[in-house]
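Protein chains in written order, with this note's numbering: chain A, 1 to 258; chain B, 1001 to 1014. Each remark here refers to the structure printed beneath this line.
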């Protein structure tokens, strides 16, 4: 059987919030080591990959690999019933389960709610993500990245990200004019979560749809920092660490000059 | 002219 007990149900709520607007139906692959999810948006422009290792759970048992086809809107309805400090227990049968049980327990043990979510059949293309050497890595405050994406959305549909030497510049333009926001590599680091790190091998200059970046920033509550990995010939990677026990990575194909 | 690339152009289907 598959059984996973998460002490802080708030984490599962945050994970779901960060994927559900991008991927409606997702395959949650469970094995002895971790739960993983990979799903593409319907236009095949963006992809989300989530990894949550067994050590994130207070109790984790997966006797045989099992794949749970989750409708994220249905799962979200259940998790809306959970408080952030509720314990969440996921349970499913080993072989081709058609449903998954969720049990919510209040911290003081005085309230227990149980739900059964019907699983869905999902025929999806799984993509092979190659190992890539990126030309630039930018690590920054996740809140600052969210702010920049939101602010620039007022000016245009796309953001041009330019990395050179110790700067990263975010630019957007439209009918109202042009907006540029430049962040410089932090000279001193007092608080890691507020500092900016630009690790550059080669300059990059790429343009991305802001609509998707704004969806990626739904993961902001998961981590204080975010890392952007860029190369001229590869999709952007936006990564939020889930503590020491996993990550959410978003991949976004660039806009290209024809 | 700016077009949107697709992920399949970079990642192979498994």
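Beta carbons: idealized from backbone N, C-alpha and C, even for Gly.
For residue i, go through chain B and note every residue whose CB falls closer than 8 Å to its CB, in chain order.
| i | result |
| --- | --- |
| residue 104(A) | In chain order: nothing, as chain B lies at least about 35 Å away. |
| residue 234(A) | 1010 |
| residue 254(A) | 1005 |
Say whether chain B places a C-beta atom closer than 7 Å to the C-beta of residue i.
| i | result |
| --- | --- |
| residue 133(A) | no |
| residue 243(A) | no |
| residue 19(A) | no |
| residue 128(A) | yes |
| residue 122(A) | no |
| residue 44(A) | yes |
| residue 258(A) | yes |
| residue 15(A) | no |
| residue 7(A) | no |
| residue 80(A) | no |
| residue 159(A) | no |
Output, in chain order, the set of chain B residues within a Cβ distance shorter than 9 Å of residue i.
| i | result |
| --- | --- |
| residue 47(A) | 1007 and 1011 |
| residue 162(A) | Going along chain B, no residue has its Cβ under 9 Å from residue 162(A), so there is no contact; the nearest lies around 16 Å. |
| residue 50(A) | Chain B residues near residue 50(A): none, gap ~16 Å exceeds 9 Å. |
Which chain B residues sit within Cβ distance under 7 Å of residue i?
| i | result |
| --- | --- |
| residue 179(A) | Result: empty, since nearest Cβ-Cβ is about 18 Å, beyond 7 Å. |
| residue 251(A) | 1007 |
| residue 40(A) | 1007 |
Just to check my reading of the structure: residue i and residue j have Cβ atoms closer than 8 Å, yes? What is that Cβ distance to the nearest angstrom?
| i | j | result |
| --- | --- | --- |
| residue 79(A) | residue 12(A) | 6 Å |
| residue 155(A) | residue 176(A) | 6 Å |
| residue 46(A) | residue 250(A) | 6 Å |
For residue i, which beta-bridge partners are listed by DSSP?
| i | result |
| --- | --- |
| residue 71(A) | 25(A) |
| residue 61(A) | 3(A) |
| residue 251(A) | 47(A) and 237(A) |
| residue 178(A) | 173(A) |
| residue 208(A) | 159(A) |
| residue 113(A) | 104(A) |
| residue 164(A) | 167(A) |
| residue 214(A) | Beta-bridge pairing links residue 214(A) to no other residue. |
| residue 87(A) | 105(A) |
| residue 199(A) | 137(A) |
Chain A beta carbons: is any one of them nearer than 7 Å to that of residue i?
| i | result |
| --- | --- |
| residue 1002(B) | yes |
| residue 1014(B) | Model confidence at residue 1014(B) stands at a pLDDT of 46, short of 50, so the residue's coordinates are unreliable and nothing is read from them. |
Please find out if some non-hydrogen atom of the ligand NAP comes closer than 6 Å to the beta-carbon of residue i.
| i | result |
| --- | --- |
| residue 195(A) | In the structure shown, the ligand NAP is absent, as is every other ligand, since no ligand is present at all. |
**Request:** Mind checking the stretch 181-195 of chain A against chain B and listing, in chain order, the residues whose C-beta falls within less than 9 Å of any C-beta there?
**Result:** Answer set for the stretch 181-195 of chain A: empty.
**Cβ-based contacts, 9 Å cut-off: residues of the stretch 200-223 of chain A near chain B** = Taking 9 Å as the Cβ-Cβ cut-off, the stretch 200-223 of chain A approaches chain B at 207 and 209, given in chain order.
**the stretch 134-152 of chain A: positions lying closer than 9 Å to chain B by Cβ** = none
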